[in-house]
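So the structure is just underneath, and the comments pick up after that.
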Amino acid sequence: MSIEHAEQDTVTFRVEGKIAWVRFHRPEKRNCMSPKLNRQMMRVLEQLEFREDVGVLVLTGEGTAWSAGMDLKEYFRETEAAGLGAMRNAQREAYGWWRRLRWYQKPTIAMVNGWCFGGGYGPLFACDLAFAADEAMFGLSEVNWGILPGGGASKVATELLSFRNAMYHAMMGENIDGKTAAAWGLVNESHPLDKLEARVTAVANVLLKKNPVALKATKDAVRRAREMTYDNAEDYLIRAQEAANSFDNHGRKEGMRQFIDDKTYKPGLGAYEKSR
Ligand code: COA
Numbered sequence: 087m088s089i090e091h092a093e094q095d096t097v098t099f100r101v102e103g104k105i106a107w108v109r110f111h112r113p114e115k116r117n118c119m120s121p122k123l124n125r126q127m128m129r130v131l132e133q134l135e136f137r138e139d140v141g142v143l144v145l146t147g148e149g150t151a152w153s154a155g156m157d158l159k160e161y162f163r164e165t166e167a168a169g170l171g172a173m174r175n176a177q178r179e180a181y182g183w184w185r186r187l188r189w190y191q192k193p194t195i196a197m198v199n200g201w202c203f204g205g206g207y208g209p210l211f212a213c214d215l216a217f218a219a220d221e222a223m224f225g226l227s228e229v230n231w232g233i234l235p236g237g238g239a240s241k242v243a244t245e246l247l248s249f250r251n252a253m254y255h256a257m258m259g260e261n262i263d264g265k266t267a268a269a270w271g272l273v274n275e276s277h278p279l280d281k282l283e284a285r286v287t288a289v290a291n292v293l294l295k296k297n298p299v300a301l302k303a304t305k306d307a308v309r310r311a312r313e314m315t316y317d318n319a320e321d322y323l324i325r326a327q328e329a330a331n332s333f334d335n336h337g338r339k340e341g342m343r344q345f346i347d348d349k350t351y352k353p354g355l356g357a358y359e360k361s362r
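Residue numbers for the sequence shown follow the working numbering, beginning at 87 and rising by one.
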């Protein structure tokens with residue numbers, strides 16, 4: 087039997103030990119993204135972004151899917167029936183929260199527990215890191231139902247995969263499992279589903295020990311630098327570090343002091359003690 091979730095129930099979250107676990111929550115629809123879900127996800131991201139008790143955000147899915155991509159009924163068919171204005175609005179809502187996530191204040195991790203299709207590649211790429219279950223299945227299924235991989239999906243494939251793999255993946259409409267996704271660079275790592283959360287928690291806990299100003303500057307630097315010439319990147323990185331210093335000059339100096347003067351840690355082997 088089909089259950090219709092209220093808009094606010096399409097996304098759930100809990101905050102534990104400074105990690106915000108955010109879930110796509112339409113398991114009966116394999117967490118496909120409807121306009122309702124897209125609106126609710128934006129609200130949740132806004133609510134969590136600057137909370138003091140949140141240091142890392144993990145995006146995962148309830149049930150057997152991470153996200154089965156865009157909702158063919160509610161996102162495509164019904165908005166198309168409502169006209170161009172409705173379509174553009176639905177696109178803005180979806181792309182809007184993916185963009186918000188790409189430039190999110192806190193480090194973000196996609197924990198891909200199951201199906202990940204088409205439009206799901208938008209939030210997958212938006213997350214800074216991605217860890218998949220071996221059992222997860224990734225696919226650019228668009229060609230199977232007669233469209234191109236839109237909503238950024240083709241761009242994500244070309245950003246993350248080799249040209250040959252991107253082309254094969256997009257044209258063939260075949261799925262790859264988590265292990266292949268890791269081998270192809272679509273995700274960082276893949277682990278058995280029952281070990282996935284433990285690995286993601288461990289990664290999040292490492293990030294929580296780092297200087298948050300440095301992390302935000304770093305993640306933006308990596309995203310921005312990919313599209314810059316070497317000279318532009320060199321210049322941007324100088325300015326970005328100088329801007330970061332105005333947010334937190336103490337951390338940087340403390341990091342230098344604990345290494346050079348106190349000799350209590352080595353930056354090559356771990357992070358400085360933030361609490362000092
Ligand atoms: N859009 C709309 N509805 C979707 C959906 C999507 N992207 N993905 C799943 N659903 C719905 C199904 O229509 C079904 O609804 P119903 O219970 O009202 O019949 C329900 O979710 C469960 O899906 P079902 O296909 O029975 O689950 P499954 O576990 O057997 O298969 C998938 C899972 C993901 C393989 C399959 O649902 C699928 O192919 N979905 C489409 C994936 C896709 O192409 N997405 C790209 C969109 S750009």
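Just so it is clear, CB atoms sit at the ideal spot from N, CA and C, and this is done for glycine as well.
- For PHE211 against GLU160, the beta-carbon gap comes to about 23 Å, at or over 8 Å, which does not count as contact.
- Judged by the Cβ position, TRP184 fails to qualify as a neighbour of the ligand COA at the 7 Å threshold, every heavy atom of the ligand being at least this far.
- By the neighbour-count criterion, in which a residue is buried when 16 or more other Cβ atoms sit within 10 angstroms of its Cβ, GLN327 is exposed.
- Taking non-hydrogen atoms of the ligand COA into account, the C-beta of ALA180 is found less than 7 Å away from none of them.
- Per the coordinates, the alpha-carbon of MET257 lies some 13 Å from the alpha-carbon of GLY204.
- The three-state reading of DSSP puts ILE233 in coil, since its state is none of H, G, I, E or B.
- GLY206 carries a helical assignment under DSSP once its states are collapsed to helix, strand and coil.
- The three-state reading of DSSP puts LEU226 in coil, since its state is none of H, G, I, E or B.
- Under the three-state reduction of DSSP output, ALA92 falls in the coil class, being neither helix nor strand.
- The shortest CA-to-CA distance from ARG174 to any of ASP263, GLY237, THR96, GLY225 is the one to GLY237.
- Shown here, TRP189 sits in coil according to DSSP, grouped into three states, outside any helix or strand.
- Taking a 10 Å sphere around the C-beta of VAL289, we find 16 or more other C-beta atoms and assign the residue as buried.
- Burial check for LEU187: the Cβ neighbour count within 10 Å reaches 16 or more, so the residue is buried.
- Checking the DSSP bridge columns, you'll see VAL101 partnered with ALA106.
- Of the candidates HIS336, ASN117, TYR190, ALA172, TYR190 places its Cα closest to the Cα of GLU132.
- Here ALA300 carries a helix assignment [DSSP, helix/strand/coil].
- Between the C-alpha atoms of PHE110 and ILE346 there is a straight-line separation of about 46 Å.
- Between VAL273 and ALA319, the CB-CB gap reaches or exceeds 8 Å.
- Between the C-alpha atoms of ASN335 and ALA329 there is a straight-line separation of about 10 Å.
- Under a 10 Å Cβ-count criterion, ARG116 is classified as buried, with 16 or more other Cβ atoms of the shown protein chains found around its own Cβ.
- For ALA212, the secondary structure class from DSSP, reduced to helix, strand or coil, is helix.
- LYS104 places its beta carbon less than 8 Å from that of GLY141.
- By alpha-carbon distance to MET119, the top candidate from ALA252, GLY232, HIS91 is HIS91.
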